[in-house]
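Notes follow the structure.
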Amino acid sequence: MYRKIIGAAVCWLCISGMASSQNLVSSGFPELDRWAEECIERRSLSLGYPGNNDIRLQEFYEWYTANNLEAMIINNAGDPFAEGDHTLSSLDFEREVIEYFAPKYGFDKDDSWGLVTMSGTDGNNHGIYFGVNYLKGLTGRMPVVYVSDEAHYSNYRLCDLQHLDVQLVRSDPMGRMIPDSLEAVLDTSRPCLMVYAMGSTLKGAIDDQKALNAVLARHSGMAVYRHVDAALFGGYLPYTEFREMVDRRKMEFESISVSGHKFFGIDSPCGIFLTTRAVYDDQATFDVPYLNANMRMINCSRSGIEPLKFWWLIKTVGDEGWAEQARMIMENTEYLKAELGRIGWPCWNNDRSNTVLFRRPSDAVVRKYNLACGYDEAFGGAVSHVVVMQHVTWESIDELIADLANSADDVISPVQTE
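Numbering (my numbering), first residue to last: 2 to 419.
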C-alpha cells in the first residue's frame, strides 16, 4: 500500500508540474524515480511536439484519489447517447462533454452525435469509417479517399487498415492541399471522401476548405463526405477570431476530430469525434441488448476517466480560460518569429498557426528542446519546428534563441538529411 500511495504521488507531481528534482518523492524504485526526474526537468523545454505541458488537473486527481476511485474500473462501454443504466461508467458525463463542444464546431446540439475518443487517430478512424459507410449507403459504391501529402500519417495508415483506395493530393510549399491538384486527380465516377488537414504535422498548414469545396461543387453528381482532422488547431481556433474555420455551418464538413491531450490539456491521449445524427443513423447496425444500444461506433470499451477530465476542465477552465490560453499561444508564436528574425535565423509560419518552422540547429539544441525535425528542399533542406503550446513561455523562447545564436556555426548542412 505504501508503494502504491507513493507511486501515485510521483505520477501526480509529474502531471501537475508542481514537483522539482529537489523535492521528488521516492517511489522505492530507482529507475522509476529517474524517469520522473527527467520528465520534470525537461517539461518546460519540450518545444517540438503539440502537447500542453501546463496541465490543470491537480484538484481532479486529489478528488479522484480521495474518493478511492482508482480502486475500480470506470468503463464507458456503449453509446453515450443511449438510454440505460450507466453505473460504473461516465457515459452521462461523456454525453455532456459532446453536447458542450458540438455547437463550438457548428453542430446543432439536437442534431449531433459524438464520443470521447482514445486519441486523434481514433477520431480520424471514426471519421473515415463513418464516411465510407455513409457514402456506400448513399451510392452503393466504395469511395476514394483524398488527403494531402502533408497531412498526418495516421490518415494514410487508417486507409490501409480499412482497405481503402487513397489518393494523395499535392500540397504547396507551405503544406496546403492545392485545389488544382485535387481537380487533376478526382475520380468523379466514384464517391469522394475528403480528409482536410486543419494543421499539418510539420508545417502547421491549414487546408483551404472553401477553395477545395469549390472544386468539389463543380462536380454536382459526385457524392461527397468531408472529415476534418483538427487534432491541435481544432482546440484553439474556436476561441479565436478565426473560429469559422472549424464551423461546419461555414465549411460544410460532415465530421471533425479534435485531440484532448493537445490544446485542452488532458494528460493522456484522448479527443472528441463529432458528426451529425443523420450520418450516425446511416451507419451499420449492431444491436447489443446488454448495452441497450445500437453499437455503431468502432470501439466498445472506452476510458471512463478521460470524459471526466474533459468535464472537469470545462467546469474549471472553460471558455474564458481557453480563450486566454489561445490568445497567449498566438502572441508567443509572434514573439518567437520576431526573435528568430532578429538573430537572422530562417523561419516560416502559416497564417493562424502556432507551428514555427525553421532551419535545423545542431544536434545538441535539438536534444535539449526535444525538437521535431524533417527535410524539405523548398526550405533549404534540414528543418525543425517549435509548436508554441501553453507551457512555451517568453523565458523558454529566450533560452532557445540564445542557444541558437551561440550555435550558429554548428547547424546542420542544408543538404544533410536526418
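All residues carry an ideal CB built from backbone N, CA and C; glycine is no exception.
All values derive from a computational prediction rather than experimental measurement.
- Our two residues, N125 and K369, have alpha carbons roughly 32 Å apart in a direct line.
- Residue burial annotation: P290 is exposed, with fewer than 16 other C-beta atoms found within 10 angstroms of its C-beta.
- S47 and R360 have their C-alpha atoms some 18 Å from each other.
- Around the beta-carbon of R57, 16 or more other beta-carbon atoms lie within 10 Å, marking it buried.
- If you draw a 10 Å sphere on the C-beta of F131, you find 16 or more other C-beta atoms in it, and that means buried.
- By the neighbour-count definition (other C-beta atoms within 10 Å, threshold 16), S27 is an exposed residue.
- For K204, the closest alpha carbon among the candidates M119, T356, H164 is that of T356.
- For L33, the enclosing alpha helix (DSSP H) stretches over residues 31-43.
- Runs of alpha helix (DSSP H) with 4 or more residues, each lying fully within the region 62-125, are found at 92-102, listed in chain order.
- The secondary-structure analysis by DSSP pairs M199 across a beta bridge with I207.
- Positions of the alpha helix (DSSP H) runs, each at least 4 residues long and wholly inside the region 284-324, are given as 306-317 in order along the chain.
- Contiguous beta strand (DSSP E) elements confined to the region 210-280 occur at 225-230, 256-260, 272-277, taking only those with 3 or more residues.
- Here M73 is exposed: its Cβ has fewer than 16 other Cβ atoms, across all protein chains shown, within 10 Å.
- Relative to the Cα of Q326, the nearest Cα in the group F311, W312, Y237, W395 belongs to Y237.
- Here F359 is bridged, per DSSP, to C348, S385.
- Shown here, L194 sits in a strand according to DSSP, grouped into three states.
- Note: L169 is bridge-paired with V148 in the DSSP secondary-structure output.
- When only Cα atoms are considered, A37 and L372 end up about 20 Å apart.
- The region 337-348 makes no contact with the region 107-122; the number of CB pairs closer than 8 Å stays below 3.
- Look at G375 here: in three-state DSSP terms it is strand.
- Within the model, the alpha-carbon separation for V247 versus E253 is close to 10 Å.
- In the DSSP assignment, M178 is bridged to S172.
- For the set L92, D161, G176, the Cα lying nearest the Cα of D377 is the one of G176.
- In this structure, E184 sits near V216, with a CB-CB distance shorter than 8 Å.
- I315 and F380 have their C-alpha atoms spaced approximately 40 Å apart.
- Between D93 and P81, the alpha-carbon positions lie close to 7 Å from each other.
- Looking from the CA of R303, the closest CA among I75, G128, A67 belongs to I75.
- Judged by beta-carbon spacing, A152 lies within the 8 Å limit of A198, meaning their Cβ atoms are closer than that value.
- Secondary structure at T394: coil, using DSSP grouped into helix, strand and coil.
- Going by DSSP, L48 is part of no alpha helix (DSSP H) at all; its letter is neither H nor E.
- Setting aside the 5 residues that flank it on each side, N295 is surrounded in the same chain by T286, D288, each with a C-beta closer than 6 Å to its C-beta; the list follows chain order.
- In terms of Cβ geometry, V389 and T334 form a close pair [threshold 8 Å].
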